[in-house]
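Undergrad: Residue numbers (the numbering used here), protein chains in the order written: chain A, 1 to 277; chain B, 1001 to 1285.
#1: Using a Cβ-Cβ distance under 8 Å, would residue 3 (chain A) count as near chain B?
#2: Residue 1213 (chain B) to residue 1167 (chain B), Cα distance in whole Å?
#3: Please tell me whether residue 115 (chain A) has its Cβ less than 8 Å away from any Cβ of chain B.
#4: Rounded to a whole number of angstroms, what is the C-alpha to C-alpha distance between residue 1087 (chain B) and residue 1041 (chain B)?
#5: Give me the Cα-Cα distance between residue 257 (chain A) and residue 1119 (chain B), rounded to the nearest whole angstrom.
#6: With C-beta atoms as the reference, is residue 961 (chain B) less than 8 Å away from residue 1206 (chain B)?
#7: Apply the 10 Å Cβ neighbour rule to residue 213 (chain A) and answer buried if 16 or more other Cβ atoms are within range, or exposed otherwise.
#8: So, helix, strand or coil for residue 223 (chain A), using DSSP?
#9: Out of A:70, A:136, A:260, A:188, which has the shortest C-alpha to C-alpha gap to residue 152 (chain A)?
#10: Excluding the five sequence neighbours on either side, which residues of its own chain have a C-beta within less than 6 Å of the C-beta of residue 39 (chain A), listed in chain order?
#11: Comparing the C-beta of residue 35 (chain A) with each C-beta of chain B, is any distance below 8 Å?
#12: Quick one: does residue 188 (chain A) have its CB under 8 Å from some CB of chain B?
#13: Based on Cα-Cα distance, which residue from A:9, A:28, A:193 lies nearest to residue 1161 (chain B)?
#14: Counting pairs of Cβ atoms below 8 Å between the region 111-126 of chain A and the region 142-152 of chain A, do you hit three or more?
#15: Please confirm whether residue 13 (chain A) has its beta-carbon closer than 8 Å to some beta-carbon of chain B.
#16: Just mark residue 1145 (chain B) as buried or exposed, buried being the case when its beta carbon has 16 or more other beta carbons within 10 Å.
#17: Identify which residue in B:1043, B:1204, B:1107 has its Cα closest to the Cα of residue 269 (chain A).
#18: Which value, in whole angstroms, describes the spacing of the CA atoms of residue 3 (chain A) and residue 17 (chain A)?
#19: Applying the 10 Å Cβ sphere with the 16-neighbour rule, what's the burial state of residue 1245 (chain B)?
#20: Output yes or no for whether 8 Å exceeds the beta carbon distance between residue 13 (chain A) and residue 1031 (chain B).
#21: Considering Cα atoms alone, identify which of B:1158, B:1263, B:1057 is closest to residue 1127 (chain B).
#22: Note down, in chain order, each residue of its chain lying with its Cβ closer than 7 Å to the Cβ of residue 74 (chain A), except the 5 sequence neighbours on either side.
#23: Strictly under 8 Å for the Cβ-Cβ distance: is residue 1123 (chain B) near chain A by that measure?
#24: What residues in its chain sit with their C-beta under 7 Å from that of residue 1001 (chain B), if we drop five residues either side in the sequence?
#25: Tell me whether residue 1 (chain A) is buried or exposed, calling it buried when 16 or more other Cβ atoms sit within 10 Å of its Cβ.
#26: Whose Cβ in chain B lies nearer than 8 Å to the Cβ of residue 97 (chain A)?
#27: Using a threshold of 8 Å, state whether the C-beta atoms of residue 1231 (chain B) and residue 1241 (chain B) are closer than that.
#28: Against residue 235 (chain A), what residues of chain B qualify as contacts under a CB-to-CB distance less than 7 Å, listed in chain order?
#29: Would you tell me roughly how many angstroms separate the C-alpha atoms of residue 231 (chain A) and residue 245 (chain A), rounded to the nearest one?
#30: Does residue 201 (chain A) come out as helix, strand or coil in the three-state DSSP assignment?
#31: Which of the residues in the region 56-73 of chain A, read from start to end, lie with their CB under 9 Å from any CB of chain B?
#32: Taking Cβ-Cβ distances shorter than 8 Å, what residues in chain B pair up with residue 126 (chain A)?
#33: Hey, quick one: how far does the alpha helix (DSSP H) through residue 1107 (chain B) stretch, first residue to last?
#34: DSSP on residue 1285 (chain B), reduced to helix/strand/coil?
#35: Counting only beta-carbon atoms, is residue 272 (chain A) nearer than 8 Å to chain B?
#36: Give the DSSP-derived three-state secondary structure of residue 1054 (chain B) in the structure shown.
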């Protein structure tokens, strides 16, 4: 049966490895995730709807989506800049800077959380000068944006970098010899070439930021209706043993995550296709 | 002749100028990029170590060697070891099946493997509470048989396995796909059996990619906070991992101790980045 399912090959081991892959995937990922759907189906449609649209939950969506979007946008702009500087220019310490860009992937989120809070609090190194000009960074929605900018920082840089590296300099030379200014060349030649990868990085940073918990809970202050993110609300409901409520909100976030996962796959396919032409 | 060379030179210089920016613009852009990275990366990184050592070496050493910190370190290492071994076996199996064979639904299966990266850490913990918690789907049965999963080691391990699930597989699948099957086929034709082929032919080819996946898996497993926080129950000395221990110390306003333990995790992050750069450099060779 296996030989008719897969194409002929003389390599051994398809049966056991394929079987184990499905078994382990089901055990760790698929069955536990299916539990969310099962648990949600215990609620009536009305209960479900009331839970996911209560004012406190709606306020948390607004903050989570807004701050995730703002953080991803900051990263899109500065990520492109950092990628550009790393690919095109030479400066001392460049290799170390390049390696450190991945720090948010390697640094545990709780460590990032307490450090950013200490730095951006009113008496912190960065928070103090900000407070002097009347900006409250930590324990406000701005604090959430700061944390989400930190954790999403590598995505755009790492998405744009390889595309910039492979950009053929001849195209830019051609644009220049045809009389285009540098700014025009950037706008009309370089930017369209890196745009799909920038958008991919943006979507990845946004998706990651939506679910983020560890770096945000310390800096946000967690005031209901004001600085409470959705992930924390799920956590709060769990601690009050409101499993059904927690699951209903988790369901909403899961659906959003899967839609974003699909979008990112389509974007990556678009980047590859643009690249192949 | 000389003027021809000279004019060629000016053309070349003009082209160089046309594909880069004036020095002032270059330094402005570099400055802006470094300023951004400084605010979000360099200053926070330096701050972890500064805050950790602020109250002197004695406080630092006491914070990382007290029994509860020690228990947290031990639990983190044990959890990480189990998660890494299990995800390594899975990654090898999945990559072998997906990269070396053709079958329908392959792209779909690859997408399914990526799912844990798309799920919020809190939800990654929640799914196991729903399944195994006291009011969970299997809760009553587990209670009857006196099996504890949530608020105990198995739950922490399960949540950690879930969040680090794709790391090894997603590193190996594209790598093994790009290498094709010819070398393995040659080994088999020459009389090697399946395991010999894997050990002698496949493994040497993928060792750097494998190591890369394991490094990333290790960093995430040791540092996971949200998912583990949901299933742990925060029992000091029993179910506290290092990141959870940091949280507790911080919430108790014991900031020096919190940053001391956090500095160990930051050190781990730096080692991870260095090892990652080394492996990238090695695999390019």
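Don't be surprised by glycine CBs; every beta carbon is placed ideally from N, CA and C.
It should be emphasised that the depicted structure is a prediction, and the values quoted were computed from it without experimental measurement.
TA: Let me spell this out:
#1: Only weak support exists for where residue 3 (chain A) lies, its pLDDT of 49 falling under 50; the coordinates are left without a value.
#2: 5 Å
#3: yes
#4: 30 Å
#5: Cα to Cα, residue 257 (chain A) sits roughly 7 Å from residue 1119 (chain B).
#6: The question about residue 961 (chain B) has no answer here: the residues shown for chain B are numbered 1001 through 1285.
#7: buried
#8: coil
#9: A:70
#10: Closer than 6 Å at Cβ, skipping near neighbours: 247.
#11: yes
#12: no
#13: In terms of CA proximity to residue 1161 (chain B), A:28 leads the group A:9, A:28, A:193.
#14: yes
#15: Chain B contact via Cβ: present.
#16: exposed
#17: Taking only the C-alpha atoms, the option nearest residue 269 (chain A) is B:1107.
#18: Residue placement at residue 3 (chain A) is poorly supported in this model, since its pLDDT is 49, which falls under 50; the coordinates are not used for a value here.
#19: buried
#20: no
#21: B:1158
#22: 149
#23: So, interface residue.
#24: Because residue 1001 (chain B) carries a pLDDT of 48, less than 50, the predicted location of this residue cannot be relied on, and the following value inherits that uncertainty. Closer than 7 Å at Cβ, skipping near neighbours: no residue.
#25: Low confidence applies to residue 1 (chain A): its pLDDT is 46, below 50, so where it sits in the model is not reliable, and the reading given next is rough at best. Per the 10 Å Cβ criterion, exposed.
#26: 1034, 1037
#27: no
#28: 1122, 1230
#29: 13 Å
#30: helix
#31: Considering only beta carbons, no part of the region 56-73 of chain A lies closer than 9 Å to chain B.
#32: 1039, 1043
#33: 1106-1118
#34: Residue 1285 (chain B) carries a coil assignment under DSSP once its states are collapsed to helix, strand and coil.
#35: With 8 Å as the cut-off, residue 272 (chain A) does not count as an interface residue toward chain B.
#36: Residue 1054 (chain B) falls in the coil class under three-state DSSP.
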